[in-house]
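Trainee: Quick one: the structure is below, questions incoming.
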Amino acid sequence: MDSLNLSRLIAQAECYKVLVSLFSEPKEGIHDNRKLYNSLIKSTGLLKPKALELAKKLRKTIADLRVEDLESEYQKLFGDSETAPANPCSVEYFNGSDGTAGSQAWIVEFYEKAGFSINQEVEIPGHIVTELKFIEFLLNNIAAYFSREDTAMVHHYGDLRCRFIHEHMIRWIPEFTRSILYNSKSPFYLQLAILLRTLLITCSGEEDENSN
0 MDSLNLSRLI AQAECYKVLV SLFSEPKEGI HDNRKLYNSL IKSTGLLKPK ALELAKKLRK
60 TIADLRVEDL ESEYQKLFGD SETAPANPCS VEYFNGSDGT AGSQAWIVEF YEKAGFSINQ
120 EVEIPGHIVT ELKFIEFLLN NIAAYFSRED TAMVHHYGDL RCRFIHEHMI RWIPEFTRSI
180 LYNSKSPFYL QLAILLRTLL ITCSGEEDEN SN
């Protein structure tokens, strides 16, 4: 277990932490916080050149935008989940019955299996922000057990990460991000959508396996 792989795991977790903030409703002090984008640039620098390029573009783009304009675009894209052109809730992209992959019951059960707790009164299990938090949670656990050289737990959380991404996220994120690309004129959300796609591939576990 080498330090390079540990650094990449920590970098991936940090990227998802930033994505959680950027896919949340825009707020002053967060979306216009240069430190947030500097952290993203530092982390993507350890991952993929394309992700690093997008992180730099986001920092440049946000410098020319007002948070109020970003809030308006956010509401247009994601605000009303029933009519939003880019629905941020994964369950809307699946046709399966309750309990099958993609359903809210399946997502909640997956969270519980991993020990990930949410307050369903204020957090929607299948919302993009909640799912990004979950990936960050899994990556942090993988990194923590990696540093302790606990192979069994690394494999446990690594398997959960791969399963959640392959059985769930890659089945709806492409359509979600495509909807953003089709319906948004904001360079910020266009770049953010492509960054999410790029990081999802990086986080799928395939690259980790190839690097071993």
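Counting with numbering that gives the first Met the number 0, you get residues 0 to 211 for the letters of the sequence shown. Think of the CB as a built atom: it goes at the ideal place given N, C-alpha and C, for glycine as much as any other residue.
Per DSSP, what kind of secondary structure is Glu206 in: helix, strand or coil?
Mentor: The residue labelled residue 206 in the question sits at position 207 within the sequence shown. In this prediction, Glu206 has a pLDDT of 45, which is less than 50 and means its spatial position is unreliable; what the coordinates show is noted afterwards. Glu206 falls in the helix class under three-state DSSP.
Trainee: Should Gln119 go down as buried or exposed, given a rule of 16 or more other Cβ atoms within 10 Å for buried?
Mentor: The count along the sequence shown starts at 1 and reaches residue 119 at position 120. Gln119 is exposed by the Cβ-count criterion.
Trainee: Opposite Cys14 in the DSSP bridges: which residues?
Mentor: To locate residue 14, count along the sequence shown from 1; it is residue 15. Note: Cys14 sits in no beta bridge, so no partner.
Trainee: When the Cα atoms are used, what is the spatial distance from Arg65 to Glu148?
Mentor: The residue labelled residue 65 in the question sits at position 66 within the sequence shown. The residue labelled residue 148 in the question sits at position 149 within the sequence shown. Roughly 45 Å separates the two Cα atoms.
Trainee: Just to confirm the assignment, what range does the alpha helix (DSSP H) spanning Leu180 have?
Mentor: Counting from 1 along the sequence shown, the entry for residue 180 is found at position 181. Unbroken alpha helix (DSSP H) run through Leu180: Ile172 to Asn182.
Trainee: The alpha helix (DSSP H) with Ser38 in it runs from where to where?
Mentor: Position 39 of the sequence shown, counting from 1, holds the residue named residue 38. Note, Ser38: alpha helix (DSSP H), Arg33 to Thr43.
Trainee: Could you work out which residue in Glu70, Lys59 and Leu199 is closest to Leu138 when comparing CA atoms only?
Mentor: Position 139 of the sequence shown, counted from the start, is the residue given in the question as residue 138. Distances from the alpha-carbon of Leu138 to those of Glu70, Lys59 and Leu199 put Leu199 closest.
Trainee: Please report the residue range of the alpha helix (DSSP H) in which Phe109 lies.
Mentor: Position 110 of the sequence shown, counted from the first residue, corresponds to residue 109. Gln103 to Ala113 is the extent of the alpha helix (DSSP H) around Phe109.
Trainee: Are the C-beta atoms of Met168 and some chain C residue less than 7 Å apart?
Mentor: Absent from the structure is chain C; it holds one protein chain and no more.
Trainee: Taking the alpha-carbon positions, what's the Asn37 to Asn94 distance?
Mentor: Here residue 37 refers to the residue found at position 38 when the sequence shown is read from its first residue. Here residue 94 refers to the residue found at position 95 when the sequence shown is read from its first residue. Each residue's Cα considered, the two are about 39 Å apart.
Trainee: In the DSSP assignment, find the alpha helix (DSSP H) that holds Pro48 and state where it starts and stops.
Mentor: As a working note, residue 48 is residue 49 in the sequence shown. Pro48 to Ile61 is the extent of the alpha helix (DSSP H) around Pro48.
Trainee: Roughly how many angstroms lie between the CA atoms of Leu39 and Phe22, to the nearest whole one?
Mentor: The count along the sequence shown starts at 1 and reaches residue 39 at position 40. The count along the sequence shown starts at 1 and reaches residue 22 at position 23. Leu39 and Phe22: Cα-Cα distance of roughly 14 Å.
Trainee: Can you pull the DSSP bridge partners for His126?
Mentor: In the sequence shown, counting from the first residue as 1, residue 126 sits at position 127. Per DSSP, Cys88.
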